[in-house]
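Each remark here refers to the structure printed beneath this line.
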Amino acid sequence: GTLMRYHKNNQIKSKVPYNRGRKEGIERSFYDRGEKNTIRTFSKGVKIGIHRGWWRDGTPKFQYHFDEQGNYNGSVKEWYRNGQLFKIFNYIHGKESGKQQMYKPSGAIRANYEVINGERYGLIGLKKCYTVKKDSTKIY
Numbered sequence: 106g107t108l109m110r111y112h113k114n115n116q117i118k119s120k121v122p123y124n125r126g127r128k129e130g131i132e133r134s135f136y137d138r139g140e141k142n143t144i145r146t147f148s149k150g151v152k153i154g155i156h157r158g159w160w161r162d163g164t165p166k167f168q169y170h171f172d173e174q175g176n177y178n179g180s181v182k183e184w185y186r187n188g189q190l191f192k193i194f195n196y197i198h199g200k201e202s203g204k205q206q207m208y209k210p211s212g213a214i215r216a217n218y219e220v221i222n223g224e225r226y227g228l229i230g231l232k233k234c235y236t237v238k239k240d241s242t243k244i245y
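All residue numbers for the sequence shown refer to my numbering, where the first residue is 106 and numbers rise by one.
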């Protein structure tokens, strides 16, 4: 059957199809004024296919691709509320592979690297590390 949930104002919050106690089919969720929030697909309780989410104003929030085992597979995209792309990562059966990029809300690059055979090459966007010389109490 389908589990229906409602906001306090009686607008539909979500429609979740179940079969034998597991999510099966297309799950939809909505904001309290009826705007679409998310669309996700499940098979025997496992996330599959393309999952999408939107900010209340209708701009994209996320788009994830899953394989039949529920692993990220293909592109994974997320956006800031202002519509600026936050990240685009690429996966093959749950493992990062290929070009990966992250952006600041301004659009400036935060991380830009490539994953080859499980190794990251390029700007990964981590905080700076400090050098500590042997037998020293000073940080350089």
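By construction, the Cβ of each residue, glycine as well, lies at the ideal position given by its N, Cα and C atoms.
Small disclaimer: the values here were computed from a predicted structure and weren't measured.
- At the C-beta level, ILE193 and HIS170 stay beyond 8 Å of one another.
- Taking 8 Å as the cut-off, the beta carbon of GLY199 is found closer than this to the beta carbon of TYR177.
- Comparing alpha carbon positions, the residue from GLY203, PRO210 and PHE135 closest to GLU224 is GLY203.
- In this structure, DSSP gives GLY188 a state outside helix and strand, which the three-state scheme calls coil.
- Contact between GLU129 and LYS149 holds, with the beta-carbon distance rounding to 7 Å and staying under 8 Å.
- Of ASP172, GLY163, ASN114 and TYR226, the smallest CA-CA separation from ARG186 is found for GLY163.
- Of the candidates ASN222, TYR136, PRO122 and SER180, TYR136 places its Cα closest to the Cα of ASN115.
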